[in-house]
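Just so it is clear: in the sequence shown, position 202 is 202 by full-length UniProt numbering, and no numbers are missing.
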Amino acid sequence: MTDFEGLKALVTGGASGIGRATADLLAERGAQVAVLDLDPSAVEKPLLGYRADVTDDASVRQAVASAVADLGGLDILVNNAGIGAQGTVEDNDDEEWHRVWNVNVIGMVRAARAALPQLRESSHAAIVNTCSIAATAGLPQRALYSATKGAVYSLTLAMAADHLREGIRVNCVNPGTADTPWVGRLLDSATDPAAERAALAARQPSGRLVSAAEVAGAIAYLASPLSGATTGTSLAVDGGMQGLRLRPV
Ligand code: NAD
1 MTDFEGLKAL
11 VTGGASGIGR
21 ATADLLAERG
31 AQVAVLDLDP
41 SAVEKPLLGY
51 RADVTDDASV
61 RQAVASAVAD
71 LGGLDILVNN
81 AGIGAQGTVE
91 DNDDEEWHRV
101 WNVNVIGMVR
111 AARAALPQLR
121 ESSHAAIVNT
131 CSIAATAGLP
141 QRALYSATKG
151 AVYSLTLAMA
161 ADHLREGIRV
171 NCVNPGTADT
181 PWVGRLLDSA
191 TDPAAERAAL
201 AARQPSGRLV
211 SAAEVAGAIA
221 YLASPLSGAT
231 TGTSLAVDGG
241 MQGLRLRPV
């Protein structure tokens, strides 16, 4: 279990859900891991926690600089911080579009900009962006969220091309509906959260939600030297939806 021995990783949005599962997995496998989050108070050793808001360039730069200094370098950036949005184009006003775009898209750009100079120094440099099936599935009631994830997908391809000859690989994962605190919060607002959770699972083509650990496994693979010849790809972690061209029912 030493795939990441000697490697240093930074996970944005790493205090919860997919980001936390990824930080834990990389650390278990031998990496030294820093977590950048709005609220890193629950981040425990051996993880290092840094408070930053991905919508604030100065705070991202400061957190990345502190993490790089404490880790002694950087090999892996997991660009994962993201927020949800529901509704059609008529339901979200300009302010909401700017707010969600600022986190989900420009937030990833800010973290990448801050990390790239260090990643150039690494001989195993990898960036993994957390995208979503929403990027390509045409999900109803998710116009704004889907547009941000479509942008994350395009950004992944463009960055993979830009940094190919620098030895920095850039890939993304496309999770289906994953059982994280985010989804938990949505379910908790229902009158019967347990029934709503069962209904949500039943709507998935596979009959169940994806676990945060399963998404973390895919991120870890794309971050590891085991995928050394893989760049500019998206890896679906969705119980077969994308590959089998299925939709939630
Ligand atoms: P989560 O809410 O459990 O965790 C998100 C983390 O990001 C939190 O710790 C939060 O504090 C942090 N964060 C949010 N805004 C931030 C900001 N401005 N600056 C710094 N940190 C910030 O969510 P999750 O379900 O684990 O989602 C993680 C990623 O996975 C997101 O990019 C999301 O779009 C993507 N995703 C989730 C699902 C799903 O069903 N849960 C499916 C596909 C993709």
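Glycine residues also receive a C-beta, built at the ideal position from the N, C-alpha and C atoms.
From the options, pick the residue whose C-alpha is nearest to that of residue i; which is it?
i	options	result
CYS131	VAL249, ARG245, ILE18	ILE18
ARG113	ASP91, ASP56, GLY150	ASP56
ILE219	LEU246, ALA126, TYR153	ALA126
GLY14	LEU26, LEU36, ALA190	LEU36
ARG169	ASP70, PRO181, ILE76, LEU25	ILE76
THR88	ALA201, TYR145, THR177, LEU186	TYR145
ARG203	ALA9, LEU139, ASP39	LEU139
ALA212	ALA195, GLY176, ALA190	GLY176
GLU166	ALA151, ASP24, GLU5, ARG120	ARG120
ASP94	ARG61, ALA143, GLN62, ALA161	ALA143
GLY207	ALA9, ALA178, LEU116, GLY217	ALA178
LEU7	TRP182, ASN80, LEU71, GLU214	LEU71
GLY107	VAL237, ALA52, VAL249	ALA52
GLY150	ALA58, ALA21, ASP3, TRP101	TRP101
GLU5	ALA223, SER234, LEU155, ALA190	ALA223
GLY84	ALA190, ASP238, PRO181	PRO181
residue 251	ASN171, LEU157, ALA190, GLY240	Any question about residue 251 goes unanswered here, given that the chain covers just 1 to 249.
GLY79	ALA69, ARG99, GLU96, LEU116	The amino acid at residue 79 is misidentified as Gly; the sequence shows Asn. Checking every option, the nearest Cα to that of ASN79 belongs to LEU116.
VAL64	VAL43, ASP238, GLN118	GLN118
GLY82	VAL183, THR230, LEU209, PRO248	VAL183
Is residue i helix, strand or coil when you go by DSSP?
i	result
SER66	helix
SER234	strand
ALA229	coil
PRO46	coil
ASP179	strand
ARG29	coil
ILE83	coil
ARG51	strand
SER41	coil
VAL89	coil
VAL210	strand
GLN118	helix
VAL105	helix
ALA186	The residue asked about is misnamed: residue 186 is Leu in this sequence, not Ala. In this structure, LEU186 counts as helix in the three-state DSSP scheme.
MET159	helix
LEU222	helix
residue 321	Only positions 1 to 249 of the chain appear in this structure, which leaves residue 321 out of reach.
ASP3	coil
ASP56	coil
ALA23	helix
ASP192	coil
ALA15	coil
GLY150	helix
ARG165	helix
LEU71	helix
DSSP puts residue i in a beta bridge; with which residues?
i	result
PRO140	None, per the DSSP bridge assignment.
LEU10	ALA34, LEU77
CYS172	ASN129, SER234
Here's the rule I'm using: 16 or more other beta-carbon atoms within 10 Å means buried, otherwise exposed. How should residue i be labelled?
i	result
GLN32	buried
LYS45	exposed
GLY228	exposed
VAL54	buried
VAL11	buried
ALA198	exposed
PRO225	exposed
VAL152	buried
ARG110	buried
residue 265	Given that the chain is displayed from residue 1 to residue 249, the structure contains no residue 265 and the question cannot be resolved.
ARG20	buried
GLU214	buried
GLY49	buried
Any beta-carbon of chain B closer than 9 Å to the one on residue i?
i	result
PRO117	In the structure shown, chain B does not exist; there is a single protein chain.
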